[in-house]
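Read the structure below first, then the notes.
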Amino acid sequence: MTTDAPTNPAVADLIARSNRLGSDPKNTNYAGGNTSAKGTATDPVTGEPVELLWVKGSGGDLGTLEEKGLAVLRLDRMRALVNVYPGIDREDEMVAAFDYCAHGSGGAAPSIDTAMHGLVDAAHVDHLHPDSGIAIATAADGEELTGKIFGDKVVWVPWRRPGFQLGLDIAAIKKENPQAVGCVLGGHGITAWGDTSEESERNSLWIIDTAAAYIAENGKADPFGAVRSGYEALPETERREKAAALAATIRGIASHDAPMVGHFTDDAVVTDFLASEKAPSLGALGTSCPDHFLRTKVKPLILDLPADASVEDSIARLKELHEAYRADYAAYYDAYATDDSPAMRGADPLIVLVPGVGMFSYGKNKQTARVAGEFYVNAINVMRGAEALSTYAPISDEEKFRIEYWALEEAKLQRMPKPKTHAGRIAFVTGAASGIGKAIATRLAAEGACVVIADLDLDKARAAAAELGSCDVAIGVAANVADEQAVRAAMDQALLAFGGVDLVVNNAGLSLSKSLLETTAADWDLQHDVMAKGSFLVSKAAAKALIEQGLGGDIVYISSKNSVFAGPNNIAYSATKADQAHQVRLLAVELGEHGVRVNGINPDGVVRGSGIFAGGWGANRAKTYGIDESELGQFYANRTILKREVVPENVADAVYVLTGPELSRTTGLHIPVDSGVAQAFVR
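Residues in the sequence shown are numbered from 1102 upward in steps of one, following our numbering.
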């Protein structure tokens, strides 16, 4: 057992308060801050009352917090840790000591801020990262501002790295200032408390809102200085076109050490900041709140060209700046690393800012990339507030390093589960709203990939994407693969949604079952436009991004048994499938030098769930073979060597294997997924 039943009033109040505070971005950022409650429960061993602390566990999010996300500790044992505390030089040892304070199995892993919650003499404690509060916390005269804004109700706490000593410091401040309802933590955030859950929440919101109101009423109108001519936001269509044109290059920059997924935003908060005269100097100072720079790195890479700079000039300059950024980050690491520091995790930027265009942010998955961007927007808001009242003065690079390469942070990273085989990969699947394409998209998403479901029917594409999860997992886009402009637009949407593309599946298709004399020129052109020409256009659009990223990749063609088997009444379909099959060979040779593998899959008899068969192809084939359409699946199975029906998921399995790590040295291959059709053996 971890806690009492969810009906425990303290726990119920804590969850409700946490969700309210965490659901409003003005109060705290995603997964930032922590809340707690103290209360009494029955010890299941002794039957006696026991005082407990429930506190948000490590890595959780307040807005979505549930009881299982709480760490649960015995207060008597936790308070007794004060007697064995070895001092600030060894305070990291205290995190492991929390394990000996657990009640039952202890619930979630305790965070580094647990001491703050357990040692402060208040039944309810909130530690939050509001933009308004951090603006005061990072102002050069933050201590003076705290007194001016809040009087003696809020106490200034000089910067101290989160940990046991900070918990002791705040506990002492609370004891010495009985009139206080909270404190501002220099360079970091705020903490508030109360005797009841309602009082703690009310005090937290009062601090946040009072700080915001003071900044609004007393701050300078132009905290970032004058607007730089030529650096203003481009018109929406133009800036998004430029963003798409730069996306592959920037993803390659962010992924030099490890593949990253990207997110793009052209929010006015970002573009207005980049247009200001102070943007270069403030950006160079980096972020301050630990939650911010752990996700954004200590500072961003900022393109130092005006908004109307050409794509070619921008790409060239970005690559130059990347080399300088890597050298600067390595110097930062070397300056502060000690013999027991973890190895450098990577020297690439996680935030790339392009004047007139917007912000590209990166992470190991889409959610992490999106959140990193949200955190940098928080950082911009913090800088604006601090500059409006004073001068932005974040914590030093040395202190940032101590947190970024903290042994406790490294241990947290090591505890994370091993990524799935396709984690960090971005898949673009055509004809993916139904049938084989949908099965492929579903399998790739299940293996950790971000998926772009491209289909002629936008509504169906979006519906299929929604079935896979949020837009952090999949999006649906319209794609007439026979139209070059439409293909380019769909690929641009993929680049803006996820930062790039790694894996392309040419699956879109249709078929008309007719004899040579019945096949019209229009029939021929339609099938060749969709499958032969369509695959060419999609592969061409993807190859440009794949090459520019420099990360290798995969292109898979869903061809057919008919590409090598001469069946009756099938001239146009079989000919275009043979075209696709040879594209595999041609592109495998051409793109191999860029690390891009090109392979094909030859399915047959995929009746169930198939859009092609449902669209009349099944009825025509059944008529050709002289059977009822309902018997077609079994008919195809009976003529195979294995006598087993082929379903869309079998094709999806083949795509998974071809694009996974096991066949990393395979290109130019055609895999039959037909239960064995001897006449279609590839020779």
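Ideal Cβ placement from N, Cα and C applies to all residues, glycine included.
On a predicted model such as this, the values are computed, not experimentally measured, just so you know.
Let me know if residue i comes out buried or exposed under the rule of 16 or more other beta-carbons within 10 Å of its beta-carbon.
i: M1517; result: exposed
i: N1184; result: exposed
i: A1106; result: Unreliable positioning characterises A1106 in this predicted model, as indicated by a pLDDT of 47, which lies under 50. The coordinate reading is nonetheless provided below. Its Cβ having fewer than 16 others within 10 Å, A1106 is exposed.
i: E1763; result: exposed
i: V1146; result: exposed
i: E1413; result: exposed
i: P1259; result: exposed
i: L1743; result: exposed
i: P1336; result: exposed
i: L1166; result: buried
i: Y1315; result: buried
i: Y1506; result: buried
i: P1279; result: exposed
i: I1728; result: exposed
i: E1302; result: buried
i: G1161; result: buried
i: A1781; result: buried
i: Q1594; result: buried
i: A1272; result: buried
Reducing DSSP to helix, strand and coil, say where residue i ends up.
i: T1741; result: coil
i: T1136; result: strand
i: H1629; result: helix
i: E1746; result: coil
i: K1641; result: helix
i: L1770; result: coil
i: F1782; result: coil
i: G1654; result: strand
i: W1507; result: coil
i: G1208; result: strand
i: D1227; result: strand
i: I1213; result: coil
i: M1445; result: coil
i: G1219; result: helix
i: I1308; result: helix
i: K1521; result: coil
i: I1316; result: helix
i: R1261; result: coil
i: K1588; result: Residue identity check: residue 1588 is Val in the sequence provided, not Lys. In the structure shown, V1588 sits in a helix (DSSP, three-state: H, G or I).
Residue i: which of the options sits nearest, CA to CA?
i: D1367; options: R1352, R1341, A1348, I1351; result: R1341
i: I1463; options: W1507, Y1201, A1595, F1599; result: Sequence check: residue 1463 is Tyr here, not Ile. Ranking the options by Cα distance to Y1463, first place goes to F1599.
i: S1571; options: A1550, Q1586, Q1266, E1585; result: A1550
i: V1087; options: G1601, V1699, S1660; result: With the chain running from 1102 to 1784 in the structure shown, residue 1087 is simply not present.
i: T1215; options: K1139, D1729, D1593, R1427; result: K1139
i: R1191; options: T1143, Q1266, G1693, G1123; result: Q1266
i: G1384; options: Y1493, V1657, S1411; result: Y1493
i: L1559; options: E1585, V1574, G1532; result: G1532
i: V1151; options: P1187, G1133, H1204; result: H1204
i: A1524; options: A1355, G1719, V1574; result: V1574
i: E1750; options: G1769, G1761, R1709, Q1780; result: R1709
i: A1348; options: G1459, I1309, Y1437; result: G1459
i: V1758; options: I1541, L1246, V1783, D1193; result: I1541
Give a yes or no on whether 8 angstroms exceeds the smallest Cβ distance from residue i to chain B.
i: S1305; result: Judged by its chain identifiers, the structure shown contains no chain B, having just a single protein chain.
For my contact list, residue i and residue j are in at a C-beta cut-off of 8 angstroms; report their separation, rounded to the angstrom.
i: A1153; j: L1174; result: In the sequence as presented, Ala is not what sits at residue 1153; that position holds Leu. With 8 angstroms as the limit, L1153 and L1174 qualify as a contact, their Cβ atoms being about 7 angstroms apart.
i: V1156; j: H1225; result: Their Cβ separation, rounded to whole angstroms, is 11 angstroms, which puts V1156 and H1225 out of contact at 8 angstroms.
i: A1702; j: A1643; result: Sequence inspection shows Ile at residue 1702; the Ala mentioned does not correspond to that position. I1702 to A1643, Cβ: 17 angstroms. No contact.
i: G1320; j: E1378; result: With a Cβ gap of about 17 angstroms, G1320 and E1378 do not count as contacting.
i: A1317; j: V1453; result: Incorrect: roughly 31 angstroms between the Cβ atoms, too far for contact.
i: A1240; j: S1497; result: With a Cβ gap of about 16 angstroms, A1240 and S1497 do not count as contacting.
i: P1360; j: L1402; result: That pair is no contact at about 18 angstroms.
i: P1456; j: A1376; result: 7 angstroms
Name the DSSP beta bridge partners of residue i, please?
i: S1664; result: Paired residue(s): none; S1664 is not in a bridge.
i: I1554; result: V1530, G1577
i: M1460; result: T1366, L1454
i: A1203; result: L1174
i: D1193; result: Bridge partners of D1193: none, in fact.
i: A1240; result: Y1493
i: T1143; result: P1150
i: G1283; result: V1255, A1293
i: I1702; result: I1659, I1772
i: L1604; result: A1528, D1655
i: K1157; result: L1171
i: V1697; result: G1654
i: S1377; result: V1328
i: L1402; result: V1453
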